[in-house]
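From first to last, the protein sequence lines are chains A and B. First residue of the first sequence? That's 1 in the numbering used here, and the numbers climb one at a time after it. First residue of the second sequence? That's 353 in the numbering used here, and the numbers climb one at a time after it. Where a beta carbon is used, it is the ideal one built from N, C-alpha and C, also for glycine. Notes follow the structure.
Protein chains: 2
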Amino acid sequence: MREKRDQSSEPEVEGNLKPGGATLADVSKLAGVSSMTVSRALHKPEVVSKKTLEKVNWAVEQLGYIPNMMAGSLMSKRSRLVAVFVPTVAHSIFADMVQALMHSLARKGYHTIIGVTEYSDKQEQELVEAILGRRPDGIVLIGTQHSDLTRKRLQVSNVPVVEAWDMCDEPLDMLVGFSHEEVGRAIARHLLSKGFRRFAAISVADPRGIRRIGAMLDELAKHEIVDVPHLYLPIPATLSTGRDGLRQLLECNGRPEVVVCSSDTIAQGVLAEAASRGLKVPNDLAVMGFGDLSSASQVYPSLSSVRLDGQLVGETIAKVLLDRIAQKSSATRGLRVDTGFNIIDRESTRRS
Amino acid sequence: MREKRDQSSEPEVEGNLKPGGATLADVSKLAGVSSMTVSRALHKPEVVSKKTLEKVNWAVEQLGYIPNMMAGSLMSKRSRLVAVFVPTVAHSIFADMVQALMHSLARKGYHTIIGVTEYSDKQEQELVEAILGRRPDGIVLIGTQHSDLTRKRLQVSNVPVVEAWDMCDEPLDMLVGFSHEEVGRAIARHLLSKGFRRFAAISVADPRGIRRIGAMLDELAKHEIVDVPHLYLPIPATLSTGRDGLRQLLECNGRPEVVVCSSDTIAQGVLAEAASRGLKVPNDLAVMGFGDLSSASQVYPSLSSVRLDGQLVGETIAKVLLDRIAQKSSATRGLRVDTGFNIIDRESTRRS
DNA sequence: CTGTTAGCGCATTCAC
DNA sequence: GTGAATGCGCTAACAG
């Protein structure tokens, strides 16, 4: 397809492009008003006369003007930028959460920078330090465990912070999460009530996953169920974590009635391995996952999942953060939101 | 835990914090040098004397100084920001790709803003327009189909662009992808060569997925295999897409020998449904996915996946983009990289 | 090796 | 309703 000049519109404007695009000054000259008026026409159209507004809009269109947010933010001290740090996004429930969060933020005109910490406090710290250079209007962190320097930097920077996905008594700032210990205990009680007695567990070496499985094992022990075979496999959690895990369990410990996984990704691997062995789920082998928190309920219909009741977690985080940014007060400092969780009873643990 | 003042270090500095943090001028005063020297000490330490460097570093530490990138970028015209637009990130191979891309970019000091287009050209356009306000150093788009305004904006803005995940003759700028038609044909030939004759297919209404499945059906037709049952289900692709799809296929069309899915997520749903029906994979039912492109090969060991040979796709995109940004020439304009793909023969299609 | 001058592009603050 | 002056925090380009 050959380039063809459009002769009817924008006769020589396209050729006169400055590197970096047109500026407010360019627009103001073309429109025959001051640059201040252009700025107002763009951000507060209601305060400008209709005629000027038209002239400005015309000039903006002619020049293809796009405001330079860096310059604007430098003056206004609002970057409309939120930074989110997650341990991982691939094969992870965090992808759902981040997507919901980005969606909510985008609707309010905020852009999202993502940092992947790979479950490392040190990487988190480096990413936080780097991102503070962009003066984000808000920061979201997964978990409540952070390096001392991270904590100090964040406190000093005075940026609104939401810690998510966990619960603690003294959050850095705001907190939206739930107790992983309670999740573990709830899983145990749920499965016990359904008559399961021979358990097994597969987790990756993710601190919160380990805590969930640990709490479950403790609860089981209270019901005289001990020596539950359990595996802690290396992160990241992938399908093969579940496949290898089930294979290993079957070889070394015989077949359990139900295998509890620290994440839905692992559970999917278990299901895949079950399919390859012709094990019928849930009668030959029941499977319990974890996740589904920020997704619609139809996302993991094969698994019994723990999920948030009502609003998506990502949406809740966005709301809390934006409320705080908007009122510019510290009214919500120390705010703690326990999202709670549900146990959804799905096919994979529904015995006939 | 009570806050306790550390009396030995940073005596009164912490109290004197300006809102927004210390500035270059603050550091230069404390260090007793000019602000320019501080700037150099931070970005080009080798060009500053050792003594000055020490003074500057000391002052930086005292003040907890973090450079304001907005101001820096405004002058230098380099934002060290890359924007990536993907149709979705939840339950998607794009999450892998984006993670690999972010990883490579982060190593070179670039931050990544993600925009989710939800397979909508209109949303892509709005996101691109908005992000151009941040003057990103590079933009990555999925696919080669974009609205006219998007194309024009990008061309005029002169930002390096990589279109990924598809192939075409005249890319906007640079291109890193593969042919979805070739993938579809290769899948057909591969499965035929393994002796499969009774096919079925499940896809979501994603343009590229449909093209893959369409090309596969065409190739099968050339081998006298026609009337292949196939479903096009609504996006987004989730586990239940696969579960519902298989259920529907079995009810209406009987059991195929192999079901081809337009993504690994769907294939995982099919495996889950197979497990719930006690169908043994691959003998009762073989499953073919698509994905695994930017992940290590062990990620989807249950599926026969199409994957990139060698380097991760996200890494390749980062490399192409950073090369272009670095040399600041247009030498690589029009660059087209065909990543190709592999068919990995895995358990789920390996018949005994 | 270091300092000075200038200005990036915009919004705040005040005049009118 | 509109405009002029000022400066956000930093770096490019020079001079010394």
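Could you check whether residue j and residue i sit closer than 7 Å to each other, using their CB atoms as the reference points?
i, j, result
"S425/B", "M97/A", "no"
"V27/A", "V48/A", "no"
"H111/A", "L154/A", "no"
"V161/A", "L149/A", "no"
"L583/B", "A540/B", "no"
"A130/A", "Y65/A", "no"
"G242/A", "I213/A", "no"
"E478/B", "T496/B", "no"
"F341/A", "V258/A", "no"
"S104/A", "A326/A", "no"
"A215/A", "I343/A", "no"
"P586/B", "N605/B", "no"
"V356/A", "L24/A", "The requested residue 356/A does not occur in the structure, where chain A is confined to residues 1 to 352."
"A100/A", "E315/A", "yes"
"M600/B", "Q268/A", "The amino acid occupying residue 600/B in the given sequence is Gln; Met does not appear at that position. No, these two residues do not count as a Cβ contact at 7 Å."
"A447/B", "A95/A", "yes"
Under the assumption that residue i contacts residue j (Cβ atoms under 8 Å), give the Cβ distance between them as a whole number of angstroms.
i, j, result
"S615/B", "G643/B", "6 Å"
"A239/A", "A275/A", "For the sequence presented, residue 239/A should be read as Leu rather than Ala. With 8 Å as the limit, L239/A and A275/A do not qualify as a contact, their Cβ atoms being about 12 Å apart."
"V511/B", "G529/B", "Not really, about 19 Å apart at Cβ, beyond 8 Å."
"A237/A", "V204/A", "4 Å"
"L527/B", "V689/B", "7 Å"
"I445/B", "I114/A", "So it is not a contact: roughly 17 Å between Cβ atoms."
"R563/B", "E533/B", "6 Å"
"L382/B", "Q414/B", "6 Å"
"I635/B", "G133/A", "As written in the sequence, residue 635/B is Asn, which differs from the Ile given in the question. At roughly 57 Å, the Cβ-Cβ gap does not stay under 8 Å, so N635/B and G133/A are not in contact."
"E124/A", "H146/A", "6 Å"
"G630/B", "G289/A", "With 8 Å as the limit, G630/B and G289/A do not qualify as a contact, their Cβ atoms being about 20 Å apart."
"R607/B", "L637/B", "7 Å"
"K429/B", "G184/A", "In fact, because the Cβ distance is near 52 Å, the residues do not count as touching under 8 Å."
With DSSP as the reference, identify every bridge partner of residue i, one or two as the case may be.
i, result
"L233/A", "V204/A"
"T112/A", "V82/A"
"E515/B", "L493/B, L527/B"
"C613/B", "I554/B"
"R688/B", "L527/B"
"A638/B", "V610/B"
Quick one: does the C-beta of residue i sit closer than 6 Å to a heavy atom of the ligand MN?
i, result
"L335/A", "For the ligand MN, the structure offers nothing, since it holds no ligand at all."
What are the residues of the stretch 420 to 443 of chain B that lie near chain A, defined by any Cβ-Cβ distance shorter than 9 Å?
So the close ones are N420, M421, M422, A423, G424, S425, L426, K429, S431, L433, A435, T440, V441, A442, H443.
Given 8 Å as the limit, is there contact between the stretch 439 to 459 of chain B and the stretch 470 to 481 of chain B, that is, 3 or more CB pairs closer than that?
Counting Cβ pairs under 8 Å, three or more are found: they touch.
The stretch 53 to 68 of chain A contacting the stretch 536 to 549 of chain B, beta-carbon criterion three pairs below 8 Å
Per the Cβ contact rule, the stretch 53 to 68 of chain A is not in contact with the stretch 536 to 549 of chain B (fewer than 3 Cβ pairs under 8 Å).
Chain A contacts from the stretch 467 to 490 of chain B (Cβ-Cβ distance under 8 Å):
Within the stretch 467 to 490 of chain B, the residues whose Cβ lies closer than 8 Å to some Cβ of chain A are G467, V468, L479, E481, A482, I483, L484, G485, R486, R487, listed in chain order.
Under 8 Å: do the stretch 128 to 142 of chain A and the stretch 316 to 334 of chain A share three or more Cβ pairs, one atom per stretch?
Touching, per the Cβ criterion.
Could you please tell me which residues of the stretch 626 to 642 of chain B, in chain order, have their CB closer than 9 Å to any CB of chain A?
So the close ones are A626, A627, S628, R629, G630, L631, K632, V633, P634, N635, D636, L637, V639.
Is the stretch 550 to 567 of chain B touching the stretch 603 to 614 of chain B in the sense that three or more CB pairs, one from each, lie closer than 8 Å?
Short answer: they touch.
Residues of the stretch 144 to 162 of chain A in Cβ contact with chain B at a cutoff of 9 Å, in chain order, please.
Against chain B - using a Cβ distance shorter than 9 Å - the residues of the stretch 144 to 162 of chain A are K152, R153, V156, S157, N158.
Could you please tell me which residues of the stretch 520 to 538 of chain B, in chain order, have their CB closer than 7 Å to any CB of chain A?
Answer in chain order: E522.
Residues of the stretch 202 to 224 of chain A with Cβ closer than 7 Å to any Cβ of chain B, in chain order:
Taking a C-beta cut-off of 7 Å against chain B, none of the residues of the stretch 202 to 224 of chain A qualify.
When Cβ atoms are compared, which residues of the stretch 602 to 625 of chain B fall closer than 8 Å to chain A?
Listed in chain order, the positions of the stretch 602 to 625 of chain B with a beta carbon within less than 8 Å of a beta carbon of chain A are Q620, G621, L623, A624, E625.
Give me the subset of the stretch 98 to 113 of chain A whose CB atoms are less than 9 Å from a CB atom of chain B, sorted by chain position.
Under the 9 Å Cβ criterion, the stretch 98 to 113 of chain A contributes V98, Q99, A100, M102, H103, A106, G109, H111, T112, I113.
Identify each residue in the stretch 679 to 695 of chain B for which the Cβ-Cβ distance to at least one residue of chain A is less than 9 Å, and report them in chain order.
For the stretch 679 to 695 of chain B, which is checked against every Cβ of chain A, not one residue is closer than 9 Å.
What are the residues of the stretch 589 to 602 of chain B that lie near chain A, defined by any Cβ-Cβ distance shorter than 8 Å?
Taking 8 Å as the Cβ-Cβ cut-off, the stretch 589 to 602 of chain B approaches chain A at T590, L591, S592, R595, given in chain order.
If the cut-off is 8 Å on Cβ atoms, which residues from the stretch 538 to 553 of chain B count as contacting chain A, listed in chain order?
Result list empty, no residue passes.
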